[in-house]
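Report on one structure; see the data block that follows.
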Amino acid sequence: MARRMLFFLVVIALLIGGFVVFRGDAEHTLTIKSIPNDLTLTLDGRQIPANGDVAVKAGRHTLTGERHGFETYTETVEIHADAGYKMYLFADDSEGRAWETAHPDQVLETESDAGRRFDELNGRLEAKYPLLQELPLVGRGFTIDQGVSRAHPGDSEYLAFYIKLTYPEGRKNARDWLTGHGYDPDDLELIYTVRPGG
1 MARRMLFFLV
11 VIALLIGGFV
21 VFRGDAEHTL
31 TIKSIPNDLT
41 LTLDGRQIPA
51 NGDVAVKAGR
61 HTLTGERHGF
71 ETYTETVEIH
81 ADAGYKMYLF
91 ADDSEGRAWE
101 TAHPDQVLET
111 ESDAGRRFDE
121 LNGRLEAKYP
131 LLQELPLVGR
141 GFTIDQGVSR
151 AHPGDSEYLA
161 FYIKLTYPEG
171 RKNARDWLTG
181 HGYDPDDLEL
191 IYTVRPGG
């Protein structure tokens, strides 16, 4: 009898443990609002409604919005709980501009949200890359400025730092400057370029 009771307790513990493990694969609700509201929206390559609720698994997902007359936009999002997302596209030809003229309230909302997103992105980048506060920088034999990441193309959350060398010692001087100011060169994506004739 004791063995049977122990067996049942082990089975119940395994079932509960399995439930807890697989709960990490649970679905969350992503509430989407799109402007234009008739754009084509895909999540990880499959089409989903441009507006409303969508069930998604926790993790990293790619959203892409497309519509004739507007720039296509792609963004990678991390989902770990129920969340909201706004997909706004900007006109890039006469068809898109005609739509904007007919929908001024939605254009105003798009521009307001774009400004807020820009400010939020800049805040995250400045927190992640304190070096930004010191750029552009001119040093002995080098200049440093920010640019697009090659390691994470298309991901605006990552930056690279472009170091233009004006003479051979510039590389060492740049690394020495970074280290001397509390930055670890190995933690940054550094891209070196050489000035023509330098």
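Residue numbers (the UniProt record's numbering): 1 to 198. Even for Gly, the Cβ is constructed at its ideal location relative to N, Cα and C.
Chain-order list of residues whose beta-carbon lies under 6 Å from that of residue i (same chain, five-residue window excluded)
| i | result |
| --- | --- |
| tryptophan 177 | Gly139 |
| arginine 97 | Ala91 |
Local Cβ density within 10 Å of residue i, reported as buried at 16 or more and exposed below that
| i | result |
| --- | --- |
| tyrosine 167 | exposed |
| phenylalanine 142 | buried |
| aspartate 187 | exposed |
| alanine 26 | exposed |
Distance between beta carbons of residue j and residue i, contact taken as under 8 Å
| i | j | result |
| --- | --- | --- |
| leucine 63 | alanine 50 | Not confirmed; about 11 Å, so no contact. |
| glutamate 95 | glycine 69 | 3 Å |
| arginine 60 | glutamate 78 | 6 Å |
| glutamate 100 | alanine 151 | No, glutamate 100 and alanine 151 are not in contact; Cβ-Cβ is about 36 Å, not under 8 Å. |
Residues that DSSP places opposite residue i in a beta bridge
| i | result |
| --- | --- |
| serine 34 | Met87 |
| phenylalanine 161 | Gln146 and Leu190 |
| glycine 139 | Phe142 |
Close beta carbons around residue i, own chain, < 8 Å, minus the five adjacent residues each side
| i | result |
| --- | --- |
| aspartate 57 | Looking at the sequence shown, residue 57 is not aspartate but lysine. Hits under 8 Å: Asp25, Ala26, Glu27, His28 and Ile79. |
| asparagine 173 | Gly139, Arg140, Gly141 and Phe142 |
Cut-off 7 Å between Cβ atoms - residues of its own chain near residue i, not counting five sequence neighbours on either side
| i | result |
| --- | --- |
| leucine 125 | Leu132 and Leu159 |
| alanine 81 | His28 |
Touching or not, the segment 73-89 and the segment 31-45, by the rule of three or more beta carbon pairs under 8 Å? Touching, per the Cβ criterion.
Are three or more beta carbon pairs between the segment 141-155 and the segment 114-124 nearer than 8 Å? Touching, no, given that fewer than three Cβ pairs across the two stretches are closer than 8 Å.
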